[in-house]
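**Student:** Following this message is one structure expressed as structure tokens.
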Amino acid sequence: MNPCFQISLACLTLAVSALASADAAPITFNTALPVSRGEPIIRLQYVYNRASGNDAVMTANAAVGVLAYGATPRLALFTIVPYTNKRLETPGGVRESSGFGDARLFARYTVLQQNAPGKTLRLAPFIGVEAPTGTNRQSDVAGLLPPPLQLGSGSWDVFGGIVATYATTRWQTDAQISYRENTGANGFEAGNQYRADASLQYRLATPSFGNAPGYLFAVFEANAIVTEKDQITGVANANSGGSVLILAPGIQYATRRWIAETAVQVPIAQDVNGPLQKDVTIRAGFRVNF
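Residue numbering for the sequence shown is 95 to 384, as defined by this note's numbering.
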């Protein structure tokens with residue numbers, strides 16, 4: 095599968111922490127800042143993805159829901175569920191699918207926390223599984239849809255990594271490395287994936303909306319993704335796999351109870367083996383704690 099358009103939750107892991115003191119957080123990946131014990135946080139994000147090449151255009155519109163819960167002061171549990179519409183336009187016609195995709199469940203545990211006046215440092219590994227809750231056998235009048243158009247993988251896939259956060263009263267930086275191991279289903283196995291992500295959030299101003307004082311942040315993020323070749327009945331698919339480097343400017347407004355945000359991810363370098371190259375990803379959403 096082309097790594098530039100693999101609509102998997104590896105690309106949709108979402109930060110939902112950091113609301114207690116109007117902190118910012120990454121928009122395209124996770125953070126190490128804590129989720130308060132016994133406190134749920136909900137995040138909703140709209141994601142638009144477009145890729146093109148060889149007279150073909152593929153788009154995806156996804157509504158992604160995230161629920162986080164602080165099990166202990168150090169342990170946070172996460173559930174992510176997407177609802178996606180995928181559409182492929184070629185000279186031969188249009189093929190499309192819609193519905194719920196695979197759910198992602200993972201845990202994050204803080205192994206290092208250092209606090210000082212006006213600043214904090216956190217380090218947290220995470221591990222989880224993506225469950226085959228989305229269908230991978232959807233068809234249309236032309237027959238079975240190809241794997242990139244399927245809503246699910248049909249396989250149980252595992253992932254893990256580590257994320258670090260350093261925050262001050264003026265700015266925050268986050269960095270994450272992760273790995274995803276895919277298994278196979280129905281003779282198809284998506285390529286394993288390696289990621290490195292970084293984010294800088296800088297406080298610009300302190301506007302207020304009604305009774306919700308907060309902070310306006312400029313956000314700048316980078317994502318490096320390397321995907322191995324897919325396997326079809328045990329044979330590597332030459333038209334799959336590759337690497338992409340993405341930059342993502344964004345803006346975020348954070349209060350004590352909610353965050354609103356948007357970012358645009360633009361590839362600045364990509365070396366892919368498939369016919370489609372990533373054009374743009376647009377994200378917009380909000381998160382709220384209770």
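The beta carbon of each residue, even a glycine, is placed where N, CA and C say it ideally should be.
DSSP three-state label for Leu-339, please.
**Tutor:** strand
**Student:** For Gly-228, does the count of other Cβ atoms within 10 angstroms reach 16, so buried, or fall short, so exposed?
**Tutor:** By the Cβ-count criterion, Gly-228 is buried, with 16 or more other Cβ atoms from all chains shown falling within 10 Å of its own Cβ.
**Student:** Taking the straight line between their C-alpha atoms, what separation do you get for Tyr-260 and Leu-298?
**Tutor:** Taking the straight line joining both Cα atoms gives about 18 Å.
**Student:** Answer yes if the stretch 152 to 167 comes into contact with the stretch 346 to 353, meaning at least three C-beta pairs across the two stretches below 8 Å, and no otherwise.
**Tutor:** no
**Student:** Using DSSP with H/G/I as helix, E/B as strand and the rest coil, what is Pro-361?
**Tutor:** Of the three classes helix, strand and coil, the one that applies to Pro-361 here is strand, per DSSP.
**Student:** What three-state label does DSSP hand Leu-243 in the structure shown?
**Tutor:** helix
**Student:** Determine the closest residue to Gly-254 out of Leu-243, Gln-287, Ala-342 and Glu-283, with distance taken between C-alpha atoms.
**Tutor:** Measuring from the Cα of Gly-254, the nearest candidate turns out to be Gln-287.
**Student:** Who are the Cβ neighbours of Gln-266 in its own chain at under 6 Å, not counting the five residues just before and after it?
**Tutor:** Ala-118 and Gln-295
**Student:** In the DSSP output, which residue or residues are listed as bridge partners for Ser-192?
**Tutor:** Asn-179
**Student:** I want to know whether the stretch 215 to 223 touches the stretch 178 to 187 - three or more CB-CB distances under 8 Å.
**Tutor:** no
**Student:** If we ignore side chains and look at the alpha-carbon of each, how far apart do Ala-354 and Thr-375 end up?
**Tutor:** 17 Å
**Student:** Beta carbon of Val-235, beta carbon of Leu-217: below 8 Å?
**Tutor:** no
**Student:** Using the rule of at least 16 other Cβ atoms within 10 Å of the residue's Cβ for burial, across every protein chain shown, is Ile-362 buried or exposed?
**Tutor:** exposed
**Student:** For the stretch 278 to 293 against the stretch 303 to 322, do three or more pairs of beta-carbon atoms, one drawn from each stretch, fall closer than 8 Å, so that the two count as touching?
**Tutor:** yes
**Student:** Out of Val-129, Gly-368, Val-141 and Gly-248, which one is the CA nearest neighbour of Tyr-203?
**Tutor:** Val-129
**Student:** Near Asp-365, what residues of its chain come up, given a Cβ to Cβ distance below 6 Å and the 5 sequence neighbours on each side ignored?
**Tutor:** Gly-336 and Ser-337
**Student:** Let me make sure I understand the geometry here. Which of Lys-372, Ala-201 and Ile-256 has the alpha-carbon closest to that of Phe-172?
**Tutor:** Residue Ala-201 is the option with its Cα nearest to Phe-172.
**Student:** Just verifying my parser: in three-state terms, what is the DSSP assignment at Phe-384?
**Tutor:** coil
**Student:** In whole angstroms, what is the alpha-carbon distance linking Asp-268 and Leu-127?
**Tutor:** 9 Å
**Student:** Since Asp-291 sits in a beta bridge, which residues does DSSP pair it with?
**Tutor:** Gln-270 and Asn-317
**Student:** In whole angstroms, what separates the C-alpha of Pro-134 from that of Asp-149?
**Tutor:** 45 Å
**Student:** Just to confirm, is the Cβ distance from Ala-342 to Asn-317 under 8 Å?
**Tutor:** yes
**Student:** Cα separation between Met-152 and Tyr-142?
**Tutor:** 11 Å
**Student:** Specify, as a first and last residue, the run of the beta strand (DSSP E) that Ile-136 falls within.
**Tutor:** 134 to 147
**Student:** Between the alpha carbons of Ala-378 and Gly-281, how many angstroms are there, rounded?
**Tutor:** 36 Å
**Student:** Using DSSP bridges, identify the partner residues of Ala-123.
**Tutor:** Before going on, a small fix: residue 123 reads as Phe here, not Ala. Answer by DSSP bridge pairing: none, since Phe-123 is not bridged.
**Student:** For Ser-293, which residues of its own chain have a beta-carbon under 6 Å away from its beta-carbon, when the five flanking residues on both sides are left out?
**Tutor:** Pro-120, Asp-268 and Glu-315
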